[in-house]
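Remarks on the structure that follows.
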Amino acid sequence: MNLSFLPSPPFELSYPLLFGALLVAGMLGGELARVARLPRILGYVLVGFLIGPLVQAAHLRPLIEEARIFVDLALGLVLFDLGRRLDVRWMRRDWTLPVTGLAESLLSFFAVFGVLVALDFRPVQAGLAAALAMTASPAVLLLVVHDTRAEGQVTERALNLVALNGLLASILTTIMLGSAHYEARMEMETAVLHPLYLFLGSLALGGTMALLARFIARTVEKDREVHFSLIAGLVVAAVGLASLLKLPVILALLAFGLFARNDQRGYDLLNVNLAPVGRLLYIVLFVITGASLPLGLLAESLGVALAIVGARAVGKAAGVFAVAPLGGLRVQQSGGLALALMPMSSLPLLMLHDIVRVFPQFGQALTAAFLSAVVLMEIAGPLAVQYGLRIAGESLPQLDATFVGIRPFKARA
Amino acid sequence: MPLEFTRSEPLTFGVELELMVLNTHDYNLTRGAADLLPRLAKLKLPGEVKPEITESMIEINSPVNRRYDEMLAQLVTVRDAIVKHGDRLNLAVAGGGSHPFHRWHERRIYPTERFKRVSSLYGYLAKQFTVFGQHIHVGVENGDDAVYLTHRLAPYIPHFIALSASSPFYQGEDTSFETSRLHAISAFPLSGHMPDVGTWEEFNVFFDEMLDYGIVGSMKDFYWDIRPKPEYGTIEIRICDTPLTVERAAQLAAYAQTLVSWLLRERRTEPVAPLYRVYGYNRFQATRFGFLATVIDPYTRTQTRLREDIIGALERIAPAAEVLGTTEALRALERVAEDMANDSLWLRQQYQETRSLNDVVRLQSELWRA
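Structure follows, in structure tokens:
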């Protein structure tokens with residue numbers, strides 16, 4: 448009897464199976480977290496932490512690495528969304544908003560830089576790490592905002608600040624990459640040209656995609672579903688183009704979002720809500736992030752990690768409290784805003800990969816410490832955002848008073 | 029204890045305007061009242077800006093005025109302040125009787141005691157009540173005049189509906205009505221009109237009875253189209269959608285003031301009951317068809333097109349307008365009636381052009397800025 452129609456080892460895991468399994472596992476983790484009144488993201492990440500060792504044991508590591516495509520897509524979507532929220536006109540009308548952004552970015556940069564130099568790291572390394580630490584996590588913020596249905600000044604300002612510090616950080620790291628090149632004794636041209644290519648190339652790609660989006664939007668019907676497909680398609684394509692052209696996905700998609708924003712230039716593109724497709728990708732994003740974080744490093748570099756996390760938190764809080772109240776934010780609102788900036792972006796992970804690739808001297812010790820800091824904030828960050836939006840009064844209260852029935856008036860005796 | 033009717037100077041008037049607070053990325057309603065109001069409270073503005081039942085709503089209360097031009101100037105001042113401080117918070121503000129595409133379940137109740145109670149009593153109706161109206165107060169000397177005017181203004185309710193209509197879209201749809209806002213109000217058990225009482229004393233008997241049943245706690249619990257407001261010493265017309273501009277709001281108030289002046293001189297004596305037999309029909313016609321509605325005069329038993337009915341009334345009261353200084357305002361309203369060009373038409377035209385309700389609301393908020 449010929450049984451060759453039956454599957455036989457070695458079995459190969461396929462993308463659909465991987466994606467589906469991570470999605471369902473993550474979703475279950477998220478719901479568990481929600482029942483415990485914790486942010487869903489925490490559930491996704493913890494599932495990732497559990498999956499990590501399993502993956503290692505089953506020698507599936509490369510597959511997780513290859514799943515980078517999902518991560519890139521998710522991040523592309525996050526950054527596009529964030530770019531759309533970056534409101535330059537608002538920043539012109541309320542100077543405290545961009546100044547808060549500058550203050551919290553620079554103060555957290557110098558705090559982390561100072562601490563690392565004091566811990567005897569070389570200035571170039573410390574500078575790179577400090578620039579990476581400037582970013583706050585847009586994905587965590589967007590997801591917690593969505594889950595708690597938060598709305599208001601703190602939410603809007605936090606989203607703009609996250610976009611701003613992401614932009615600043617990517618400019619700064621690109622410049623530092625230049626000096627890292629220089630220190631690595633590469634020719635001067637590469638040291639200048641590479642960062643310049645990354646920066647201008649991303650802007651050009653983002654701008655082109657936005658133009659294309661507007662052009663197509665004008666030729667099709669102005670319908671929500673049509674525009675949804677258009678934008679989702681172009682975002683995915685832009686992610687692919689960015690990696691084809693060796694450009695940072697982060698900057699390119701941020702630029703795409705920013706240029707696609709509706710303003711004086713026109714209102715051809717509907718402001719479609721990308722959350723439905725975003726949710727699927729975000730779950731997988733956080734599970735993979737959790738799975739790929741080296742928990743083992745935590746033990747050996749906890750001290751430095753805590754120093755980074757602490758200095759960063761102090762810097763961000765100081766920046767927010769120094770400027771935001773001038774814009775009329777109350778104490779709880781400023782506190783909420785500072786907390787919303789706490790999650791560390793997993794974007795540095797990607798940048799770190801790139802940096803370590805071109806510049807191995809970045810240092811084992813610092814990489815380990817930095818990754819440990821990310822691990823810590825992957826847990827503390829979502830909690831901070833959830834708490835921050837609650838004390839600012841912006842998340843939807845768990846129990847709405849609306850449907851608690853009471854009899855309104857007592858008849859007079 | 030009978031309700032005291034506070035005397036006030038006849039023909040003084042004021043308006044309340046409910047406005048929407050919007051975000052500037054997709055122009056949905058957003059919770060902004062709690063951030064906007066404290067800033068406005070620090071300014072010296074004519075009148076007041078107050079919270080309303082949901083956090084995406086604010087209300088302008090004008091001071092008490094004698095003259096139309098003064099009221100308009102005050103409204104412009106308040107509007108400009110709201111626009112300026114909204115800009116700092118990245119909030120847009122707009123007129124209009126309903127938000128074209130918001131989902132009622134997303135609204136949040138502004139946490140004051142009264143609003144919490146209203147919301148626990150009415151459940152989803154309270155959130156669905158996220159509609160935006162203009163209330164016009166006109167001062168009267170005593171309760172009897174208030175009762176008289178409440179009845180005699182009833183035939184003019186369709187006029188105010190057609191002239192103020194600015195809510196053709198609701199929950200993302202063109203409702204085919206000129207105003208969809210009034211449906212949200214009709215759902216409340218105490219909506220409609222005042223019963224057929226002849227004097228303030230008779231009104232008090234009715235009110236005491238309702239109080240004894242435990243159906244109401246105060247006058248505020250009646251959601252009538254027109255009601256006496258004893259604590260202010262006014263009658264209050266509550267039928268209008270909030271117009272898209274403060275200019276139109278002031279014109280509507282001027283129309284009410286002039287009508288009251290005219291009615292007080294005319295002292296109509298026909299029986300009241302027939303007014304209410306045609307009331308529901310006329311009201312529906314106006315909400316559905318606007319200026320093309322057919323309205324019935326119960327005394328002559330004739331049917332007229334609302335457009336002509338309005339133009340006729342405006343011409344009848346023109347002499348009273350001369351005295352009050354409202355001629356210019358009434359001329360503007362006459363042009364609206366002649367062209368049948370109310371705010372609902374404008375909104376539908378914007379939708380025709382942009383094919384997007386988000387854009388309609390954006391244009392609406394730009395029109396409000398003037």
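The listed protein sequences correspond, in order, to chains Z and V.
Numbers 448 to 860, taken from our numbering, label the letters of the first sequence in order.
Numbers 29 to 398, taken from our numbering, label the letters of the second sequence in order.
Each residue gets a CB set at the ideal place from its N, CA and C atoms; glycine is no exception.
**Asked** What are the residues of the segment 360 to 389 of chain V that lie near chain Z, defined by any Cβ-Cβ distance shorter than 9 Å?
**Response** Thr-382, Arg-383, Ser-384, Asn-386, Asp-387
**Asked** Count the other CB atoms within 10 Å of the CB of Z:Ile-678; is the residue buried (16 or more) or exposed (fewer)?
**Response** Your numbering for residue 678 of chain Z matches position 231 in the first sequence. By the 10 Å Cβ count, Z:Ile-678 comes out buried.
**Asked** Cα-Cα, which of V:Gly-220, V:Ala-190, V:Thr-354 is closest to V:Met-368?
**Response** Within the second sequence, residue 368 of chain V is the residue found at index 340, counting from 1. Taking only the C-alpha atoms, the option nearest V:Met-368 is V:Ala-190.
**Prompt:** If we count Cβ pairs, one from each stretch, closer than 8 Å, do we get three or more for the segment 761 to 779 of chain Z versus the segment 541 to 551 of chain Z?
**Reply:** yes
**Asked** Among the residues of its own chain, which have a CB less than 6 Å from the CB of V:Thr-355, if the five just before and after it don't count?
**Response** Here residue 355 of chain V is taken as the residue at index 327 of the second sequence, counted from 1. Cβ within range, chain order: Ala-349.
**Prompt:** Could you check where the alpha helix (DSSP H) with V:Gln-199 kicks off and where it finishes?
**Reply:** Within the second sequence, numbered from 1, the residue matching residue 199 of chain V stands at position 171. Careful: V:Gln-199 lies outside any alpha helix (DSSP H) and carries neither H nor E.
**Message:** Given 7 Å as the limit, tell me if Z:Arg-665 has its C-beta closer than that to any heavy atom belonging to the ligand NAD.
**Reply:** This structure does not include the ligand NAD; it has no bound ligands of any sort.
**Asked** When you compare each of Z:Leu-836, Z:Ala-769, Z:Val-751 to Z:Ala-576 by their alpha carbons, which one comes out closest?
**Response** Within the first sequence, numbered from 1, the residue matching residue 576 of chain Z stands at position 129. The option with the nearest alpha carbon to Z:Ala-576 is Z:Val-751.
**Item:** N-terminal and C-terminal residue of the alpha helix (DSSP H) that Z:Met-538 is part of
**Value:** Start at 1 with the first residue of the first sequence, and residue 538 of chain Z comes out as number 91. Its alpha helix (DSSP H) spans residues 535 to 540.
**Asked** Going by C-alpha distance, which of Z:Arg-515, Z:Ala-580, Z:Leu-563 is nearest Z:Arg-759?
**Response** Here residue 759 of chain Z refers to the residue found at position 312 when the first sequence is read from its first residue. Of Z:Arg-515, Z:Ala-580, Z:Leu-563, the residue nearest in Cα terms is Z:Ala-580.
**Prompt:** If the cut is a Cβ gap below 9 Å, which residues of chain V does Z:Gln-779 touch?
**Reply:** Here residue 779 of chain Z corresponds to residue number 332 of the first sequence, with the count starting at 1. Neighbours of Z:Gln-779 on chain V: none; closest Cβ ~12 Å, over 9 Å.
**Asked** Should V:Asn-93 be labelled buried (16 or more other beta-carbon atoms within 10 Å of its own) or exposed?
**Response** The residue given as residue 93 of chain V occupies position 65 in the second sequence. Classification of V:Asn-93: buried, given that the 10 Å Cβ count is 16 or more.
**Request:** For the beta strand (DSSP E) containing Z:Met-824, list its first residue and its last residue.
**Result:** Within the first sequence, the letter at position 377 stands for residue 824 of chain Z. First-last for Z:Met-824: 811 to 838, but that is the alpha helix (DSSP H), not the beta strand (DSSP E).
**Asked** Taking all protein chains shown into account, do 16 or more other C-beta atoms lie within 10 angstroms of the C-beta of Z:Asn-607, making it buried, or fewer, making it exposed?
**Response** The count along the first sequence starts at 1 and reaches residue 607 of chain Z at position 160. By the neighbour-count rule (16 or more Cβ atoms within 10 Å), Z:Asn-607 is buried.
**Asked** Cα separation between V:Ser-384 and V:Leu-181?
**Response** Within the second sequence, the letter at position 356 stands for residue 384 of chain V. Within the second sequence, the letter at position 153 stands for residue 181 of chain V. In a straight line, the C-alpha of V:Ser-384 is about 38 Å away from that of V:Leu-181.
**Message:** I need the DSSP call for Z:Ala-858, collapsed to helix, strand or coil.
**Reply:** As a first step, residue 858 of chain Z is located in the first sequence; it is residue number 411 there, counting from the start. Residue confidence is low: Z:Ala-858 scores 37 on pLDDT, short of 50, so the model does not pin down where it sits. Its coordinate-derived value is still stated next. Coil at Z:Ala-858, not helix or strand.
**Request:** Using three-state DSSP, classify Z:Ala-514 as helix, strand or coil.
**Result:** Within the first sequence, the letter at position 67 stands for residue 514 of chain Z. Coil at Z:Ala-514, not helix or strand.
**Prompt:** Can we say the segment 284 to 292 of chain V touches the segment 48 to 65 of chain V, given the rule of at least three CB pairs closer than 8 Å?
**Reply:** no
**Prompt:** Given Z:Leu-740, which residues of its chain have a CB within under 6 Å of its CB, disregarding the five upstream and five downstream residues?
**Reply:** Position 293 of the first sequence, counted from the start, is the residue given in the question as residue 740 of chain Z. Closer than 6 Å at Cβ, skipping near neighbours: Val-822.
**Asked** For the putative contact between V:Gly-125 and V:Thr-270, defined by C-beta atoms under 8 Å, what is the C-beta separation to the nearest angstrom?
**Response** For the purposes of this step, residue 125 of chain V is identified with residue 97 of the second sequence, where counting begins at 1. For the purposes of this step, residue 270 of chain V is identified with residue 242 of the second sequence, where counting begins at 1. The Cβ separation is near 6 Å, so the contact holds.
**Prompt:** What whole-angstrom Cβ distance do Z:Leu-721 and Z:Asp-528 have, given they're in contact under 8 Å?
**Reply:** Numbered from 1 along the first sequence, position 274 holds the residue referred to as residue 721 of chain Z. Numbered from 1 along the first sequence, position 81 holds the residue referred to as residue 528 of chain Z. With a Cβ gap of about 6 Å, Z:Leu-721 and Z:Asp-528 count as contacting.
**Message:** Can you look up Z:Thr-655 in the DSSP assignment and give me helix, strand or coil?
**Reply:** Stepping through the first sequence from its first residue, residue 655 of chain Z is reached at position 208. It is helical.
**Prompt:** Looking at the C-beta of V:Thr-58, does it have a partner C-beta in chain Z at a distance below 8 Å?
**Reply:** Here residue 58 of chain V refers to the residue found at position 30 of the second sequence. For V:Thr-58, the answer is yes, since a Cβ of chain Z falls inside 8 Å of its Cβ.
**Item:** Where Z:Lys-669 meets chain V, residues with beta-carbon distance less than 8 Å
**Value:** Taking the first residue of the first sequence as 1, we reach residue 669 of chain Z at position 222. The answer, in chain order, is Thr-382, Arg-383, Ser-384.
**Message:** Could you check whether Z:Leu-615 and Z:Ser-552 sit closer than 8 Å to each other, using their CB atoms as the reference points?
**Reply:** To locate residue 552 of chain Z, count along the first sequence from 1; it is residue 105. To locate residue 615 of chain Z, count along the first sequence from 1; it is residue 168. Against a cut-off of 8 Å, the Cβ pair of Z:Leu-615 and Z:Ser-552 comes out as a contact.
**Asked** Got a sec, what are the start and stop residues for the beta strand (DSSP E) V:Leu-119 sits in?
**Response** Indexing the second sequence from 1 puts residue 119 of chain V at position 91. Per DSSP, V:Leu-119 belongs to the beta strand (DSSP E) from 119 to 122.
**Item:** Entirely enclosed beta strand (DSSP E) segments - the segment 292 to 341 of chain V, minimum 3 residues
**Value:** 322 to 325, 330 to 333
**Residues of the segment 585 to 616 of chain Z with Cβ closer than 7 Å to any Cβ of chain V, in chain order** = Glu-598, Gly-599, Gln-600, Glu-603
**Request:** Please list the segments of the alpha helix (DSSP H) lying wholly inside the segment 550 to 586 of chain Z, counting only runs of 4 or more residues, in order along the chain.
**Result:** 570 to 581
**Message:** Just list the residues that DSSP pairs V:Gly-220 with in beta bridges.
**Reply:** As a first step, residue 220 of chain V must be located in the second sequence, where it is residue number 192. Answer is V:Trp-252.
**Given Z:Leu-522 as reference, the closest of Z:Pro-790, Z:Ala-816, Z:Val-731, Z:Phe-817 once Cα atoms are compared** = Taking the first sequence and counting its residues from 1, one reaches residue 522 of chain Z at position 75. Per the Cα distances, Z:Val-731.
**Prompt:** Which bits of chain Z does V:Asn-118 rub up against, with CB to CB less than 7 Å?
**Reply:** The residue you call residue 118 of chain V lines up with position 90 of the second sequence. Under the 7 Å cutoff, chain Z gives Asp-534, Trp-537, Glu-603.
**Prompt:** Relative to the alpha-carbon of Z:Ile-826, which residue among Z:Pro-486, Z:Gly-467, Z:Phe-452, Z:Ala-472 has its alpha-carbon at the smallest distance?
**Reply:** As a first step, residue 826 of chain Z is located in the first sequence; it is residue number 379 there, counting from the start. Taking only the C-alpha atoms, the option nearest Z:Ile-826 is Z:Pro-486.
**Prompt:** Measuring CB to CB, does V:Thr-315 end up less than 8 Å from V:Phe-197?
**Reply:** For the purposes of this step, residue 315 of chain V is identified with residue 287 of the second sequence, where counting begins at 1. For the purposes of this step, residue 197 of chain V is identified with residue 169 of the second sequence, where counting begins at 1. Against a cut-off of 8 Å, the Cβ pair of V:Phe-197 and V:Thr-315 comes out as no contact.
**Asked** Taking all protein chains shown into account, do 16 or more other C-beta atoms lie within 10 angstroms of the C-beta of V:Pro-30, making it buried, or fewer, making it exposed?
**Response** Within the second sequence, the letter at position 2 stands for residue 30 of chain V. V:Pro-30 comes out exposed.
**Prompt:** Quick one: what's got a C-beta closer than 7 Å to V:Leu-117's C-beta in the same chain, skipping five residues either side?
**Reply:** As a first step, residue 117 of chain V is located in the second sequence; it is residue number 89 there, counting from the start. Here the set comprises Gly-60, Asp-63, Leu-64.
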